[in-house]
Amino acid sequence: MTEHEIKINFKEYASLEELEQADQQLCKEAVKALKTSHSPYSKFRVGVAMQLKSGKILHASNQENAAYPSGLCAERVALFHWGANYSDDPIETMAITAYTDEFQLTRPVTSCGACLQVLAEYEKKQNSAIKMLLYCQQGPIWVATGVESFLPFLFFEDRLTNKAL
Ligand code: THU
């Protein structure tokens, strides 16, 4: 038996002012995106802003549905919108924030596995890692680059062939 250990690395910032200007602005754009959240069932709003290489910023939010599984997380709404319309303009940074009237969020929202898997697909497609800003308005900001920081055991396309290790 061999035991393995995987370490992940992320930075924690106590306040927005500690981030570089462009990242501060992107977190504020993610807050703006909260307004468009359609979340009557969970009452949990998630907002995303993505900064593309050209400077363009895309906004997205979670979209729920009365048939619950038909809804989609904000991250995948953002990523699929990018994939369908802007995939020749690489994503450099993605800011994610959340808000609910029900209680005060005191730590950042970390994306679900399905969103991380989609993120991995597009990091591979654009051949560069994405900087993730997980912004909590009443708490810290967590920053890491590359989806493998959050999901080290991704499913990669090479597993679909016999080329896998
Ligand atoms: N949600 C997101 O949009 N992103 C996440 O990272 C986690 C969860 C949404 C899905 C659903 O609309 C609501 O938050 C509650 O799960």
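Each residue of the sequence shown is one higher than the last, beginning at 1328 in the working numbering.
A virtual CB, placed ideally from N, CA and C, is assigned to each residue, including glycine.
field: Own chain, CB closer than 6 Å to H1365, minus 5 neighbours either side, in chain order
entry: Q1390, E1391
- request: Find out if the Cβ-Cβ distance for the pair A1401, S1388 is shorter than 7 Å.
  value: yes
task: Please check if any C-beta of chain C sits within less than 7 Å of the C-beta of K1451.
output: The question asks about chain C, but that chain is absent: this structure has only one protein chain.
- prompt: Roughly how many whole angstroms lie between the Cα atoms of T1424 and Y1449?
  reply: 21 Å
- prompt: Less than 7 Å separating the beta-carbons of G1466 and T1420?
  reply: no
task: Say yes only if the C-beta of S1397 is nearer than 6 Å to one or more non-hydrogen atoms of the ligand THU, and no if none qualify.
output: no
message: Give me, in chain order, the residues of the same chain whose beta-carbon lies closer than 6 Å to that of D1350; leave out the 5 immediate sequence neighbours on both sides.
response: L1460
query: Helix, strand or coil for H1386 per DSSP?
result: strand
- prompt: Cβ of L1353 within 7 Å of Cβ of A1376?
  reply: yes
task: Look up Q1464 in the DSSP assignment and say whether it is helix, strand or coil.
output: Collapsing the DSSP output to three states places Q1464 in coil.
field: N- and C-terminal bounds of the alpha helix (DSSP H) containing A1394
entry: From DSSP, A1394 is part of no alpha helix (DSSP H); its letter is neither H nor E.
- prompt: When the Cα atoms are used, what is the spatial distance from R1403 to P1417?
  reply: The alpha-carbon atoms of R1403 and P1417 are separated by roughly 16 Å.
message: Can you give me the C-alpha to C-alpha distance between K1355 and K1362, rounded to a whole angstrom?
response: 12 Å
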